[in-house]
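Enquirer:
Protein chains: 2
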Amino acid sequence: MERFTIVESAHVVPERVVTNDELATFMDTSDEWIHSRTGIHQRHIVSNESTSDLATTVAEKLLAQANLSANQLDFIIVGTMSPDYLTPSVAQQVQGRIGATNAFAFDLSAACSGFVYTLSMASKLLATKYQRGLVIGAEVLSKLVDWEDRSTAVLFGDGASGVLLQQTVEDTGLLAEALKTYGDQSEFLTAGRQRNSNHFVGDIVAADPYFHMNGREVYNFATRQVPAVLSQALETAQLTANDIDVYVLHQANARIIASIAKRFGQPIDKFPTNVVNYGNTSAASIGILLDELRATGVVHQGQKIALAGFGGGLTAGALIIQL
Amino acid sequence: MERFTIVESAHVVPERVVTNDELATFMDTSDEWIHSRTGIHQRHIVSNESTSDLATTVAEKLLAQANLSANQLDFIIVGTMSPDYLTPSVAQQVQGRIGATNAFAFDLSAACSGFVYTLSMASKLLATKYQRGLVIGAEVLSKLVDWEDRSTAVLFGDGASGVLLQQTVEDTGLLAEALKTYGDQSEFLTAGRQRNSNHFVGDIVAADPYFHMNGREVYNFATRQVPAVLSQALETAQLTANDIDVYVLHQANARIIASIAKRFGQPIDKFPTNVVNYGNTSAASIGILLDELRATGVVHQGQKIALAGFGGGLTAGALIIQL
């Protein structure tokens, strides 16, 4: 067990809301079509904010809520697939902007499993040398969306979320984890191909910012592999599905979540979703949902919760956490 | 102390060599100018290889040298600032290509401190739950270089390197670390700005793949902050500079390394360099040098070595390792 406590959670989404109806004004789609297949009604899209802007807002909220100053942080890790730059990383920008002079910072690239992978790494830092740090998931996916491609444009949204984690001597923290990667299926979901076009290059690689997704394959992957990682993590923790109070899953598609709840014979109430309001925000989704559930008291101290991410890589991961 | 053993090391560079003299055929520069300021005579540049190609070759070498099969790996972490895609990550591509079915994989973005940050994270994984993994630094920086800008074009090269790490009960592994980030200075070294140009955006952000560097500021940063992180790590390990057998530093510039050796009052022999042959390969440089030093026996079991990375972010980091 890697001991830690979740001191605070926070999230932010851009003000600008883009509804399914608005998409239907310039794309051959409809609210009914999108909602029945994905559970999504709207998403938030940036006007001028960058990924580091959203992540910095989350970091500032976490510090204010905890009444901590930035120099009390030991690390900042940002899970993202939509950084502003290849260098500096988003986490390094955040570190500089909040003045976290004692924190080291880096980004972790694991797409929609980013929040789970990042939280896992943070748990290892807290279990060894470090006292306190931020785990943030931050995405501006709208810059990776081809807004002429209705098969992907309807799915994604922008946002950021995070948790402030701290070492503890209490019996809280990570009971078990199962992190898996399926790179042999990486071609089913790609985005942000970087160009290589200098005069030393044989075959020029053109830049292609956009998402390309085999929706059927990713759907099948998620409904098969998320139960697999959850089962593995439960087994390691010597728990059953009934022992988990709340399942906080990556919000890609409400149907995937319903399918997983059914697979475990669990009431759908234990699998809350908010994809209706945000779409798929990749590494930000689990933290946004977790923050909302903590605010309403659905998730609280003393519970056992399961987090599960899945998506690009392809990747999947489950964490069992004692709050 | 995080215990582990470096089982194997490996590196690869593209076949194509670009000498300073070749650069001088299409750029207003000269071998004398470049070499006197940086110590660089040549660099290796890809023709058709991608970052994941180079990283996969390193992974295959490591497994072959250790006589292990890919499914015996628990994790693969790649430090890179020049991935092929924003998703999948390089590490996920490598995982799929070598068939490391039991390994999870992700990229870590910390530019020229990538190798040190990545090795630190791996040490925490090995100190908690995992048995064995690969740490790889892989870069195709030539795609981020503006080959018309002589202030940066002469500095960088392509390559990849890695180590196979394993849990151990011996007293070897990480004696101490000092990881630092200086995001308030991030504008002194940027590369790979990602575009945001969809019709929801207010002010369009244009893509800019290229390096932009304030050479003087980065030089000053390196000569000040690398000694600082090395001193901090030595102090934590309760060692002095004399106790370190070999200093394996990020290879950005031979003059930076000479300045640091002098600062510590150490013979320059304890600060080997190979920047003359490769230029600055960012996250790959420390692993390339470490592999060459192990091959020639300069670095061997029983020694204490110090690794130090520095660069984009800005970031710096030092590790003291008992071999």
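If you read the sequences in order, they're chains A and B.
Following our numbering, the numbering of the first sequence begins with 27 at its first residue and continues without gaps.
Following our numbering, the numbering of the second sequence begins with 27 at its first residue and continues without gaps.
Beta carbons are placed, not taken as given, at the ideal position from N, Cα and C, and that holds for glycine.
Here's the rule: buried if 16 or more other CB atoms are within 10 angstroms of the residue's CB, otherwise exposed. What is histidine 276 (chain B)?
Expert: buried
Enquirer: How would you call proline 293 (chain A), buried or exposed, if buried means at least 16 neighbouring beta carbons within 10 angstroms?
Expert: Exposed, by the Cβ-count rule.
Enquirer: Applying the criterion that 16 or more other CB atoms from any shown protein chain within 10 Å of the CB defines a buried residue, is serine 95 (chain A) buried or exposed?
Expert: In summary, serine 95 (chain A) is exposed, with fewer than 16 beta-carbon neighbours lying within 10 Å of its beta-carbon over all protein chains present.
Enquirer: Between the stretch 166-182 of chain A and the stretch 155-169 of chain B, are three or more C-beta pairs nearer than 8 Å?
Expert: no
Enquirer: In whole angstroms, give me the CA-to-CA distance for leucine 160 (chain B) and glutamine 121 (chain B).
Expert: 10 Å
Enquirer: Is it buried or exposed, alanine 137 (chain B), if we count other Cβ atoms within 10 angstroms and call 16 or more buried?
Expert: buried
Enquirer: Spell out whether any CB of chain B is found under 7 Å from the CB atom of leucine 167 (chain A).
Expert: no
Enquirer: Quick check: is the beta carbon of lysine 87 (chain A) nearer than 7 Å to any beta carbon in chain B?
Expert: no
Enquirer: Phenylalanine 30 (chain B) touches chain A at which residues, Cβ-Cβ below 7 Å?
Expert: Under the 7 Å cutoff, chain A gives no residues; its nearest Cβ is about 12 Å from phenylalanine 30 (chain B).
Enquirer: Out of A:Leu333, A:Leu99, A:Thr249 and A:Ser308, which has the shortest C-alpha to C-alpha gap to leucine 260 (chain A)?
Expert: A:Leu333
Enquirer: Kindly indicate which residue of B:Leu181, B:Val325 and B:Ile347 has the alpha-carbon position closest to the one of proline 298 (chain B).
Expert: Of all alpha-carbon atoms in B:Leu181, B:Val325 and B:Ile347, the one lying nearest the alpha-carbon of proline 298 (chain B) is that of B:Val325.
Enquirer: Give the single residue among A:Leu152, A:Ile102 and A:Leu89 whose Cα lies nearest to the Cα of valine 195 (chain A).
Expert: A:Leu152
Enquirer: Name the two residues that bound the continuous alpha helix (DSSP H) containing histidine 61 (chain A).
Expert: 57-64
Enquirer: What do you reckon, are the CB atoms on arginine 219 (chain A) and aspartate 197 (chain A) nearer than 7 Å?
Expert: no
Enquirer: Under 7 Å Cβ to Cβ from asparagine 268 (chain A), same chain only, skipping five residues before and after it: list those, please.
Expert: none
Enquirer: Determine the extent of the beta strand (DSSP E) in which glutamate 165 (chain B) is found, giving its start and end residues.
Expert: Element bounds for glutamate 165 (chain B): 158-165.
Enquirer: CB aspartate 133 (chain B) to CB proline 109 (chain B), shorter than 7 Å?
Expert: yes
Enquirer: By Cβ distance below 7 Å, which residues in the same chain neighbour histidine 70 (chain B) in space, the five residues on each side in sequence not counted?
Expert: Val39, Pro40, Arg42, Val43, Gly183, Asp184, Gly185 and Tyr304
Enquirer: Quick check on leucine 315 (chain A): does DSSP put it in helix, strand or coil?
Expert: helix
Enquirer: Does the beta carbon of serine 135 (chain B) sit closer than 7 Å to a beta carbon anywhere in chain A?
Expert: Put simply, the CB of serine 135 (chain B) is near chain A, with a gap under 7 Å to one of its CB atoms.
Enquirer: In three-state DSSP terms, what is valine 120 (chain A)?
Expert: Helix at valine 120 (chain A).
Enquirer: Any C-beta of chain A sitting closer than 7 Å to the C-beta of alanine 310 (chain B)?
Expert: no
Enquirer: I'd like to confirm the pairing. Which residues does DSSP put opposite alanine 186 (chain B) in its beta bridges?
Expert: B:Val38 and B:Ala164
Enquirer: Could you please tell me which residues of the stretch 205-221 of chain A, in chain order, have their CB closer than 8 Å to any CB of chain B?
Expert: Leu205, Lys206, Thr207, Tyr208, Gly209, Asp210, Gln211, Ser212, Leu215, Thr216, Ala217, Gly218, Arg219, Gln220 and Arg221
Enquirer: Is it buried or exposed for glycine 323 (chain B), if we count other Cβ within 10 angstroms and need 16 for buried?
Expert: exposed
Enquirer: In the DSSP assignment, find the beta strand (DSSP E) that holds aspartate 133 (chain B) and state where it starts and stops.
Expert: 130-135
Enquirer: Per DSSP, which residues does threonine 31 (chain A) bridge with? Please list them.
Expert: A:Gln192
Enquirer: Pick from B:Ala284, B:Gly65 and B:Ala85: whose alpha carbon is nearest that of alanine 36 (chain B)?
Expert: Comparing alpha carbon positions, the residue from B:Ala284, B:Gly65 and B:Ala85 closest to alanine 36 (chain B) is B:Ala85.
Enquirer: Helix, strand or coil for valine 325 (chain A) per DSSP?
Expert: coil
Enquirer: Against chain B, with Cβ distances strictly below 7 Å, would alanine 179 (chain A) count as a contact?
Expert: no
Enquirer: Determine the chain B residues that contact glutamine 118 (chain A) at a beta-carbon separation under 7 Å, and present them in chain order.
Expert: Thr207, Gly209, Ser212, Gly339 and Thr341
Enquirer: Which value, in whole angstroms, describes the spacing of the CA atoms of alanine 126 (chain A) and arginine 63 (chain A)?
Expert: 43 Å
Enquirer: Is it buried or exposed, glutamate 58 (chain B), if we count other Cβ atoms within 10 angstroms and call 16 or more buried?
Expert: exposed
Enquirer: Check glycine 337 (chain B) in the structure and name its three-state DSSP category.
Expert: strand
Enquirer: Please report the distance separating the alpha-carbon of proline 114 (chain A) from that of phenylalanine 214 (chain A).
Expert: Rounded to the nearest angstrom, the two C-alpha atoms are 28 Å apart.
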